[in-house]
Amino acid sequence: PRSSTTSPPTSSSSFAVPVRVLPRVGGLASPTGIPAASRGPSRLHERRNRGPGPDFKLAASAATAPRSASPSMASSGGDESPSPAKPVLLHGDLDLWVVEARLLPNMDMFSEHIRRCFASCGTASSCAPRQPPPNSRGVGEAGSRRHHHRRIITSDPYVTLSVAGAVVARTAVIPNSQEPRWDEQFFVPLAHRATLLDFQVKDNDTFGAQLIGTASVPAERVLAAADEVEEWVPILGTSGKTYKPRTALFIRYRFRPFAANPVYRRGIPGDPDQQGVKDSYFPLRHGGKVTLYQDAHVNEGDLPDVELDRGKKFEHNQCWEDICHAILEAHHMIYIVGWSIYDKVKLVREPSSSRALPEGGELTLGELLKFKSQEGVRVCLLVWDDKTSHDKLFIKTVRHYDLLLPLISLHCLVWIA
Numbered sequence: 001p002r003s004s005t006t007s008p009p010t011s012s013s014s015f016a017v018p019v020r021v022l023p024r025v026g027g028l029a030s031p032t033g034i035p036a037a038s039r040g041p042s043r044l045h046e047r048r049n050r051g052p053g054p055d056f057k058l059a060a061s062a063a064t065a066p067r068s069a070s071p072s073m074a075s076s077g078g079d080e081s082p083s084p085a086k087p088v089l090l091h092g093d094l095d096l097w098v099v100e101a102r103l104l105p106n107m108d109m110f111s112e113h114i115r116r117c118f119a120s121c122g123t124a125s126s127c128a129p130r131q132p133p134p135n136s137r138g139v140g141e142a143g144s145r146r147h148h149h150r151r152i153i154t155s156d157p158y159v160t161l162s163v164a165g166a167v168v169a170r171t172a173v174i175p176n177s178q179e180p181r182w183d184e185q186f187f188v189p190l191a192h193r194a195t196l197l198d199f200q201v202k203d204n205d206t207f208g209a210q211l212i213g214t215a216s217v218p219a220e221r222v223l224a225a226a227d228e229v230e231e232w233v234p235i236l237g238t239s240g241k242t243y244k245p246r247t248a249l250f251i252r253y254r255f256r257p258f259a260a261n262p263v264y265r266r267g268i269p270g271d272p273d274q275q276g277v278k279d280s281y282f283p284l285r286h287g288g289k290v291t292l293y294q295d296a297h298v299n300e301g302d303l304p305d306v307e308l309d310r311g312k313k314f315e316h317n318q319c320w321e322d323i324c325h326a327i328l329e330a331h332h333m334i335y336i337v338g339w340s341i342y343d344k345v346k347l348v349r350e351p352s353s354s355r356a357l358p359e360g361g362e363l364t365l366g367e368l369l370k371f372k373s374q375e376g377v378r379v380c381l382l383v384w385d386d387k388t389s390h391d392k393l394f395i396k397t398v399r400h401y402d403l404l405l406p407l408i409s410l411h412c413l414v415w416i417a
């Protein structure tokens, strides 16, 4: 039977027919999409007035182009996509709170299957099934089931914030959790032209990270957030769909534009309180000393003399010898900031003829720091989060001492007090 939406043929050999994808009713396709028992003129008229939906298709032969069902579809080719949002300039400070996520998928199903396989093998190897102890009041099975869920292997999620392709914030890793709660606050200075702020939820693995999904917030909404805004943002997977209807990330944020910050308008020297750079690890201090070094190891006396103002000459010092002497002479604190620190390095390899090597100068850096900590000196290290440093399963590339010193180069800043 002919459908009521069939167009007349354009020629005897080829014609175009708009075809509606028909839903199944009771296992059979209904020509109008309405069950035969309830089909009537009013309901059929109501369905026709809805217009072409997303399931509207065009079928045509190779000889003749298809005829569109409406002028709007003819102009757009049947694909009505909204115009992309224009990027806006985010110039200011973003106060961000990454609170929690809910209903995350399990990205470690392979590891969980292996664990269950070994668990089932261990259960099968026993001669008789274990019985719940007496006076357990029937909670043995439920208790074992709850204990099983506590040991399940699942994702190790963390969140990164990307603005215009640059990662500007990163949370800690919550191990084995599909309902992670971070409660972390970030102060993010922005000067980016972007369309979206992408919160990428990732699963921390031994070799890198696996993307779980992305929660995106329009940049225009952030720009207008003068007051604190809190919302659940849906997390979309790599396919562009949510894993579950309620899978989302809960965040709070507030944006302070550049023009509203007096520090940007007057600059740091214009601060009437003269507090220097705010929100830093240490307050502003006076009377500090800065020493410049040659960025290469050279023999003593090989560098030419450099004349300074007022007839002074620049003294070429040896960087590693000065660090060694400063560490050995420290009384209160040793603070080291760097990309990485190799604990087995020796700071003084060629003792200077004009400067005697102090006691303990032959020790490695790790032994030297432990020696000073035993004397009561506080040793503080800010180590780099290196992707090649792991301590998981059988892969261990992090060196352990009483002080944690991962492998790093010798580019570091040492502060001695």
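Numbering (full-length UniProt numbering) for the sequence shown: 1 to 417.
We put the beta carbon where it would ideally sit given N, CA and C, even for glycine.
Cβ of residue i versus every heavy atom of the ligand COA: is any distance shorter than 7 angstroms?
i           : result
residue 259 : As far as ligands go, the structure on display features none, and thus does not contain the ligand COA.
For residue i, count neighbouring Cβ atoms within 10 angstroms of its own Cβ and tell me buried if that reaches 16, exposed if not.
i           : result
residue 343 : buried
residue 230 : exposed
residue 192 : buried
residue 421 : In the structure as shown, the chain begins at 1 and stops at 417. Residue 421 is therefore absent and cannot be evaluated.
residue 291 : exposed
residue 268 : exposed
residue 295 : exposed
residue 298 : exposed
residue 166 : exposed
residue 309 : exposed
residue 90  : buried
residue 152 : exposed
Bridge partners of residue i, per DSSP?
i           : result
residue 155 : In DSSP, residue 155 forms no bridge with anything.
residue 181 : 100
residue 91  : 191
residue 242 : 236
residue 163 : 166 and 197
residue 381 : 336
residue 252 : 97 and 230
Compute the distance between the beta-carbons of residue i and residue j, then report whether it is under 8 angstroms.
i           : j           : result
residue 96  : residue 186 : yes
residue 219 : residue 197 : yes
residue 246 : residue 381 : no
residue 154 : residue 205 : no
residue 302 : residue 313 : no
residue 418 : residue 282 : No answer is possible for residue 418: it lies beyond the span of the chain, which begins at 1 and ends at 417.
residue 181 : residue 99  : yes
residue 94  : residue 190 : yes
residue 372 : residue 383 : no
residue 157 : residue 101 : yes
Measuring straight from C-alpha to C-alpha, what distance separates residue i and residue j?
i           : j           : result
residue 335 : residue 242 : 46 angstroms
residue 209 : residue 202 : 6 angstroms
residue 329 : residue 370 : 14 angstroms
residue 176 : residue 105 : 11 angstroms
residue 266 : residue 276 : 12 angstroms
residue 300 : residue 352 : 8 angstroms
residue 160 : residue 171 : 7 angstroms
residue 188 : residue 333 : 30 angstroms
residue 261 : residue 271 : 12 angstroms
residue 92  : residue 253 : 13 angstroms
residue 368 : residue 360 : 7 angstroms
residue 293 : residue 173 : 39 angstroms
residue 225 : residue 377 : 47 angstroms
residue 325 : residue 346 : 13 angstroms
residue 264 : residue 356 : 49 angstroms
residue 256 : residue 288 : 34 angstroms
residue 258 : residue 195 : 18 angstroms
residue 321 : residue 279 : 33 angstroms
residue 319 : residue 362 : 16 angstroms
residue 163 : residue 223 : 13 angstroms
residue 365 : residue 374 : 14 angstroms
residue 316 : residue 327 : 20 angstroms
In three-state terms, what does DSSP make of residue i?
i           : result
residue 258 : helix
residue 327 : helix
residue 279 : coil
residue 309 : helix
residue 215 : strand
residue 221 : helix
residue 367 : helix
residue 418 : Because the chain spans 1 through 417 in this model, residue 418 falls outside it and cannot be assessed.
residue 322 : helix
residue 266 : helix
residue 210 : strand
residue 203 : strand
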